[in-house]
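Visitor: A single structure is presented below for examination.
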Amino acid sequence: MEKNALYRREFSNIVNSMKPSAIDAILKAIGDPEMISFGGGLPNPESFPVDDVKKVFNELISTSGRKMLQYGATEGLRALSVTLAKRMKEQQGISCDPSEIVQTTGSQEALYILGKMLANPGDYVISEAPTYLGAITAFRASGIRMIPVEMDNNGMKMDALRATLKKYPHPKFIYVLPNFQNPTGISMNLERRKELIEIVTEAGIIVLEDDPYGALRFSGTPQPAIKSLDRNNNVIYLGTFSKVLAPGFRLGYAVAPQEIVEKMKMVKQALDLASSTISEYIAEAYLSGGYIDRWLPNVVELYRGKRDLMIKSLEQYLPKNVEFTRPDGGMFIWVTKKGANTDKMLEDAIKKKVLYVVGSEFYPENDNHESMRLNFTYSTDEKLVEGVKRLGKVFENTGN
Ligand SMILES: Cc1ncc(COP(=O)(O)O)c(C=O)c1O
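Each residue of the sequence shown is one higher than the last, beginning at 499 in the numbering used here.
See the structure below:
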């Protein structure tokens with residue numbers, strides 16, 4: 499047998515249905531020092547509270563080192579769940595008992611667990627279109643079909659959702675990103691959040707509310723979490739420390755009814771037994787010691803400046819027929835040109851040493867090519883302006 503043919507023969511149908519994502523190419527190109535990357539969803543390294551983390555770690559390793567280095571409970575550190583429950587109540591109006599929280603290895607793990615747990619292969623879920631690439635990947639890994647619902651500047655369109663539900667009445671859940679959505683930066687307005695709750699309460703459908711960016715608001719009025727409007731326990735809420743502390747912690751959390759929590763723990767045990775106790779201990783002290791509230795305003799300030807600079811540069815350097823979103827927070831701007839094919843443009847962009855993520859990656863069927871996602875948080879100000887200039891040239895080269 500040809501070398502390695504054995505392995506190819508043994509791959510499962512699900513693995514064979516998976517394809518390399520654009521993220522691989524982006525992570526590779528980042529290695530080029532001249533490349534300006536608007537590609538990854540990376541926080542700015544300046545946003546990491548290195549000194550605070552060092553201080554907290556040093557204290558904890560002497561007071562709790564032997565506990566912090568041990569395996570932890572599958573649902574995570576109890577003290578952290580208590581702190582998170584209190585904080586979510588105060589800041590987001592989300593009422594939950596600490597026992598309704600499962601800490602996960604990033605919210606990415608929660609997406610995978612919930613897909614695995616709630617759907618059989620061939621089942622479908624509903625999502626915004628476009629939606630988070632990592633969710634498409636996570637759900638696809640469980641053989642889930644994704645049914646897209648159109649969005650506009652106020653988030654998922656509720657008339658479109660109602661129409662989709664007529665055709666697809668039994669989704670396993672509806673996946674939404676109400677705050678500064680990845681990839682568009684768009685937020686769902688209050689009216690639609692309320693209407694979504696009305697729809698799912700009446701139809702008995704689970705909502706998966708994924709909210710990594712809600713705390714990164716630079717302008718506009720904060721909107722209540724969908725979970726906070728939920729009186730019937732239809733909503734599962736996902737949070738993460740990746741964008742408000744550091745992704746290296748690999749720590750997220752799900753807030754869900756007890757029945758869901760119990761099953762999530764079983765699936766999580768099959769995956770990794772428990773998340774990192776080191777991360778859980780540090781995150782708990784970071785929250786309860788007030789470090790986060792002292793530091794986060796700096797991050798918001800840093801990112802507000804970068805958003806403003808990117809918008810100004812896009813206005814200055816992109817042809818006038820190119821449209822883009824103006825998000826009130828988060829990390830991304832969605833750039834669209836009617837009739838363009840951003841997949842094809844990427845080759846020219848890489849030649850000019852600027853990277854973006856092609857919009858088609860964010861559609862489950864990869865069937866829309868007119869947009870691209872730009873990250874504005876990672877680059878230095880200088881590179882940000884230069885990168886947009888290069889992008890302007892790429893658009894000019896498309897010729898229309
Ligand atoms: C919408 C969304 N959900 C989930 C994640 C996963 O984040 P993490 O696993 O780092 O918590 C990301 C990361 O970029 C994201 O943008």
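Built from N, CA and C at the ideal position, the CB exists for glycine as well.
1. Any idea what DSSP makes of A583, helix, strand or coil?
2. Got a list of residues with beta-carbon closer than 6 angstroms to any non-hydrogen atom of ligand 1, in chain order?
3. Could you please give the first and the last residue of the uninterrupted beta strand (DSSP E) stretch that includes A752?
4. Please classify E859: does DSSP put it in a helix, a strand, or coil?
5. Buried or exposed: which applies to M764, given that a residue is buried once 16 or more other Cβ atoms fall within 10 Å of its Cβ?
6. Buried or exposed for N680, please, with buried defined as at least 16 other CB atoms from any protein chain shown within 10 angstroms of its CB.
7. Ignore the nearest five residues each way along the sequence and tell me which others in L558's own chain have a CB closer than 7 angstroms to its CB.
8. Out of L853, H867, T896 and G746, which one is the CA nearest neighbour of E884?
9. S869 by DSSP, collapsed to three states: which one?
10. Can you tell me whether DSSP reads I524 as helix, strand or coil?
11. If I follow the unbroken beta strand (DSSP E) through S625, where does it start and stop?
12. Would you decide whether T719 is buried or exposed? Buried here means 16 or more other CB atoms lie within 10 Å of its CB.
13. Less than 7 angstroms between C-beta atoms, sequence neighbours within five positions excluded: which residues of the same chain meet that for K836?
14. Thinking just about the alpha-carbon of each residue, which of R638, Q590 and Q601 is nearest to the one in A617?
15. Please report how far the alpha carbon of K552 lies from the alpha carbon of M686, in whole angstroms.
16. Would you kindly check if the distance between the Cβ of V742 and the Cβ of I695 is under 9 angstroms?
17. Assign M516 to buried or exposed, taking buried as 16 or more other Cβ atoms, counted over all protein chains shown, within 10 Å of its Cβ.
Guide: By the coordinates alone:
1. Against the sequence shown, residue 583 aligns to sequence position 85. Residue state, collapsed to three classes: helix.
2. Around ligand 1, the residues selected by a Cβ distance under 6 angstroms to any of its heavy atoms are G539, G604, S605, Q606, Y630, G632, L675, N680, D708, P710, T738, S740, P745 and G750, following chain order.
3. Within the sequence shown, the letter at position 254 stands for residue 752. Start and end: G750 to V753.
4. Position 361 of the sequence shown, counting from 1, holds the residue named residue 859. The answer is helix: DSSP assigns E859 an H, G or I state.
5. Taking the sequence shown and counting its residues from 1, the one referred to as residue 764 is at position 266. Flag for M764 reads exposed.
6. Here residue 680 is taken as the residue at index 182 of the sequence shown, counted from 1. Buried, since its Cβ has 16 or more Cβ neighbours within 10 Å.
7. As a working note, residue 558 is residue 60 in the sequence shown. If we look at L558 and ignore the five residues flanking it on each side, its Cβ neighbours are M566, Y779, I780 and A783.
8. On the sequence shown, residue 884 is found 386 positions in, with the first residue counted as 1. Minimum Cα distance to E884 is reached at L853.
9. In the sequence shown, the residue the question calls residue 869 occupies position 371. The answer is strand: DSSP assigns S869 an E or B state.
10. As a first step, residue 524 must be located in the sequence shown, where it is residue number 26. In the structure shown, I524 sits in a helix (DSSP, three-state: H, G or I).
11. Indexing the sequence shown from 1 puts residue 625 at position 127. Secondary structure note for S625: its beta strand (DSSP E) is the uninterrupted segment Y622 to A627.
12. Here residue 719 refers to the residue found at position 221 when the sequence shown is read from its first residue. Classification of T719: exposed, given that the 10 Å Cβ count is below 16.
13. As a first step, residue 836 is located in the sequence shown; it is residue number 338 there, counting from the start. Closer than 7 angstroms at the Cβ level, and outside the excluded window around K836, lie E868.
14. Residue mapping note: residue 617 aligns to position 119 of the sequence shown, counting from 1. The shortest CA-to-CA distance from A617 to any of R638, Q590 and Q601 is the one to R638.
15. By one-based count along the sequence shown, residue 552 stands at place 54. By one-based count along the sequence shown, residue 686 stands at place 188. Whole-angstrom Cα-Cα distance: 37 angstroms.
16. In the sequence shown, counting from the first residue as 1, residue 695 sits at position 197. In the sequence shown, counting from the first residue as 1, residue 742 sits at position 244. I695 is not a Cβ neighbour of V742, given a cutoff of 9 angstroms.
17. As a first step, residue 516 is located in the sequence shown; it is residue number 18 there, counting from the start. So M516 ends up on the exposed side.
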